[in-house]
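Undergrad: What follows is a single structure, and I will ask about it in a moment.
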Amino acid sequence: MNFNRVKKITGEIVVPGDKSISHRAVMFGALAEGMTEIHGFLQGADCLSTISCFQELGIQIENDRSSNQVKVYGKGLHGLSSPSGMLDVGNSGTTMRLISGILSGQPFESNLTGDASIKKRPMGRIIKPLTMMGADIMSIPANNCAPLRINGSLKTRMQNHGHKKAFLKGIHYESPVASAQIKSSILLAGLYADSPTSVTEPYVSRNHSEIMLRTFGADVATEGTTATIQPNPFLKATKVIVPGDISSAAYFIAAGLIVPDSEVVIRHVGINPTRDGILDVCRMMGADITLENESDSNGEPYADIHVKTSTLKGTTIEGGLIPRLIDELPMIAVLACAAEGTTIIKDAQELKVKESNRIDVMVHNLSLMGADITATDDGMIINGGKPLHGAIINSNKDHRIAMSFAIASLIADNTTTIQDADCVTISYPSFYQDLESLVK
Ligand code: S3P
Numbered sequence: 001m002n003f004n005r006v007k008k009i010t011g012e013i014v015v016p017g018d019k020s021i022s023h024r025a026v027m028f029g030a031l032a033e034g035m036t037e038i039h040g041f042l043q044g045a046d047c048l049s050t051i052s053c054f055q056e057l058g059i060q061i062e063n064d065r066s067s068n069q070v071k072v073y074g075k076g077l078h079g080l081s082s083p084s085g086m087l088d089v090g091n092s093g094t095t096m097r098l099i100s101g102i103l104s105g106q107p108f109e110s111n112l113t114g115d116a117s118i119k120k121r122p123m124g125r126i127i128k129p130l131t132m133m134g135a136d137i138m139s140i141p142a143n144n145c146a147p148l149r150i151n152g153s154l155k156t157r158m159q160n161h162g163h164k165k166a167f168l169k170g171i172h173y174e175s176p177v178a179s180a181q182i183k184s185s186i187l188l189a190g191l192y193a194d195s196p197t198s199v200t201e202p203y204v205s206r207n208h209s210e211i212m213l214r215t216f217g218a219d220v221a222t223e224g225t226t227a228t229i230q231p232n233p234f235l236k237a238t239k240v241i242v243p244g245d246i247s248s249a250a251y252f253i254a255a256g257l258i259v260p261d262s263e264v265v266i267r268h269v270g271i272n273p274t275r276d277g278i279l280d281v282c283r284m285m286g287a288d289i290t291l292e293n294e295s296d297s298n299g300e301p302y303a304d305i306h307v308k309t310s311t312l313k314g315t316t317i318e319g320g321l322i323p324r325l326i327d328e329l330p331m332i333a334v335l336a337c338a339a340e341g342t343t344i345i346k347d348a349q350e351l352k353v354k355e356s357n358r359i360d361v362m363v364h365n366l367s368l369m370g371a372d373i374t375a376t377d378d379g380m381i382i383n384g385g386k387p388l389h390g391a392i393i394n395s396n397k398d399h400r401i402a403m404s405f406a407i408a409s410l411i412a413d414n415t416t417t418i419q420d421a422d423c424v425t426i427s428y429p430s431f432y433q434d435l436e437s438l439v440k
């Protein structure tokens with residue numbers, strides 16, 4: 001797909017629903033008693049994978065794609081049934097890691113697989129703590145990657161001989177990585193444990209699971225970087241209103257800042273403090289960005305984000321800020337190219353194990369466009385202010401890479417060609433149409 005420089009972008013936009021919240025609403029709805037109604041569900045391929053996995057597990061789910069309303073007919077904590085075949089998570093790390101926690105507490109065997117990217121991503125990070133809880137979970141190729149086999153809980157099979165209720169062991173886990181996928185996987189297994197389960201992380205990662213599990217009736221406490229869940233709650237169906245995804249809004253925030261003479265308002269965007277690091281970085285870089293109409297739905301804050309073209313300066317992004325903007329780092333690398341001075345991104349090793357190796361892929365592709373960018377062990381260093389020019393960009397089928405380069409192309413000379421541009425369907429199917437609607 002080809003892209004060219006634009007004169008300006010202006011207007012208002014509503015981005016699709018938050019990916020993390022959409023996944024969780026389906027999962028927790030499936031484990032609750034009664035019908036959970038989800039409004040603003042993201043129709044991205046990742047969230048559709050979560051729906052199809054839970055349908056395979058015997059849950060009735062109705063998805064009205066025209067209104068983005070989903071109804072999940074939950075069967076309670078012990079209502080899932082044995083799937084007839086492999087569960088396919090597609091490209092979705094969130095589906096694979098969170099569902100593994102749930103399946104570890106079920107008294108039946110399940111097998112999980114996905115696409116070529118997911119089969120390369122590290123699963124040892126959930127296999128280890130889930131095994132400590134008594135789960136029988138293994139990497140079938142024995143390389144700590146998917147496909148995974150989960151065999152119900154060992155304890156169930158040894159002690160409960162055919163009884164329906166599964167029991168895992170409550171643990172306290174010190175996670176070496178600040179990762180909401182690891183944390184959530186363990187907390188979800190903790191629903192099926194014999195005592196409380198807690199997870200401590202080096203920094204706080206996104207807390208959508210903790211917030212939403214509470215609205216479904218679970219007892220989840222948080223203190224500092226530790227989250228603790230009490231086992232065997234009664235989960236009751238609820239209504240979930242999904243705010244716009246700040247990770248999707250990030251592309252229009254960036255475009256509004258770097259394209260000359262631009263002004264964009266992005267309506268109803270989730271601004272959960274564990275997710276809003278992009279706003280901090282924009283402010284650190286000197287951006288003209290304001291929040292309007294701030295409100296809250298089920299414990300998830302949201303607002304309209306208003307941006308205007310700004311002169312940006314380089315900054316340093318590190319430590320506890322990283323998990324708060326992990327998915328926005330490809331876009332931030334582009335912002336840094338448009339800024340004066342040096343931007344340093346460190347403590348971001350996790351970028352190497354996302355849908356692609358996002359350090360290598362960003363550095364390679366931005367270099368092709370003329371940027372001064374160097375990869376480091378845990379991030380990148382960008383000397384901004386060099387004019388960008390068009391190039392042929394291999395997105396590596398990574399949605400966030402494709403979208404970041406679509407934005408970079410708006411300020412580049414000549415034509416930029418993005419290969420496998422349709423991978424944006426993973427998190428933002430209408431991305432190119434929405435971008436086009438703002439181009440003036
Ligand atoms: C997600 C957590 C993050 C993020 C991913 C979605 C989630 O991954 O990168 O896109 O929904 O929990 P990690 O928790 O592994 O950092």
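In the numbering used here, the protein residues as written are 1 to 440.
The C-beta atom is built at its ideal place from N, Cα and C for all residues, glycine as well.
Would you say alanine 25 and asparagine 91 are within 8 Å of each other, going by their C-beta atoms?
TA: no
Undergrad: Using a Cβ-based criterion (distance less than 7 Å to any ligand heavy atom), does serine 179 qualify as near the ligand S3P?
TA: Checking every heavy atom of the ligand S3P against the Cβ of serine 179, one is found closer than 7 Å.
Undergrad: Less than 7 Å between the CB of arginine 206 and some heavy atom of the ligand S3P, yes or no?
TA: Correct: arginine 206 has its Cβ closer than 7 Å to the ligand S3P.
Undergrad: When you compare the segment 355-375 with the segment 330-340, are there three or more beta-carbon pairs, one atom per stretch, that lie closer than 8 Å?
TA: yes
Undergrad: If you measure between the beta carbons of isoleucine 344 and isoleucine 381, is that distance less than 8 Å?
TA: yes
Undergrad: The ligand S3P heavy atoms versus the CB of lysine 354: any closer than 7 Å?
TA: yes
Undergrad: If you count every other CB in all the chains shown that lies within 10 Å of the CB of arginine 283, and 16 or more means buried, which is it?
TA: exposed
Undergrad: Per the DSSP calculation, proline 16 is bridged to which residue(s)?
TA: DSSP, once it has assigned bridges, lists no residue as partnering proline 16.
Undergrad: Taking Cβ positions, are proline 231 and tyrosine 302 nearer each other than 8 Å?
TA: no
Undergrad: Let's see if you can read the secondary structure: which residues bound the alpha helix (DSSP H) around aspartate 46?
TA: Residues 45-56.
Undergrad: Would you call the CB atoms of isoleucine 418 and phenylalanine 405 closer than 8 Å?
TA: yes
Undergrad: Between the Cα of serine 20 and the Cα atoms of Gly11, Lys440, Ile271, which residue gives the shortest distance?
TA: Ile271
Undergrad: Three or more beta-carbon pairs under 8 Å between the segment 197-207 and the segment 171-184, yes or no?
TA: yes
Undergrad: Relative to the C-alpha of glutamate 58, which residue among Leu31, Ile38, Pro129 is closest?
TA: The amino acid occupying residue 58 in the given sequence is glycine; glutamate does not appear at that position. Taking only the C-alpha atoms, the option nearest glycine 58 is Leu31.
Undergrad: Can you determine whether any heavy atom of the ligand S3P sits closer than 7 Å to the C-beta of isoleucine 211, and answer yes or no?
TA: For the ligand S3P, no non-hydrogen atom lies closer than 7 Å to the CB of isoleucine 211.
Undergrad: Tell me the start and end of each unbroken beta strand (DSSP E) in the segment 370-439 that is at least 3 residues and wholly inside, in chain order.
TA: Within the segment 370-439, the complete beta strand (DSSP E) runs of at least 3 residues are 372-376, 379-383, 392-394, 416-419.
Undergrad: In whole angstroms, what is the alpha-carbon distance linking leucine 112 and valine 14?
TA: 34 Å
Undergrad: With DSSP run on the structure shown, which of helix, strand or coil describes arginine 24?
TA: helix
Undergrad: Only counting the same chain, and skipping five residues up and downstream in sequence, which positions put a Cβ closer than 6 Å to that of threonine 415?
TA: Asn2, Asn4, Gly390
Undergrad: Between which residues of its own chain and serine 117 is the CB-CB distance below 6 Å, once the five residues before and five after are set aside?
TA: Within the same chain, serine 117 has close Cβ partners Asn91, Glu355.
Undergrad: Please report the residue range of the beta strand (DSSP E) in which alanine 336 lies.
TA: Segment 329-338 is the alpha helix (DSSP H) holding alanine 336; no beta strand (DSSP E) there.
Undergrad: Taking serine 81 as the reference, give the member of Glu56, Ile411, Gly170, Ile258 with the closest Cα.
TA: It is Glu56.
Undergrad: Look up serine 81 in the DSSP assignment and say whether it is helix, strand or coil.
TA: coil
Undergrad: Give the single residue among Gly74, Ser100, Phe108, Arg97 whose Cα lies nearest to the Cα of serine 84.
TA: Phe108
Undergrad: What does the alpha-carbon distance come out to for the pair histidine 163 and isoleucine 332?
TA: Only weak support is given to the placement of histidine 163: the predicted model assigns it a pLDDT of 48, under 50, and the question is left unresolved by the model.
Undergrad: Closer than 7 Å: is that where the CB of glutamate 350 sits relative to any heavy atom of the ligand S3P?
TA: yes
Undergrad: Where does alanine 180 fall in DSSP's three states?
TA: Correct three-state label for alanine 180: helix.
Undergrad: Give every residue of the same chain whose Cβ lies closer than 7 Å to the Cβ of glycine 170, excluding the five residues on either side of it in the sequence, and list them in chain order.
TA: Gly190, Ala193, Asp194, Ser195, Pro196, Thr197, Pro231
Undergrad: Across which residues does DSSP place phenylalanine 3 in a beta bridge pair?
TA: Thr416
Undergrad: Can we count aspartate 378 as close to the ligand S3P, meaning its CB is less than 7 Å from some heavy atom?
TA: No, the ligand S3P has no heavy atom inside 7 Å of this Cβ.
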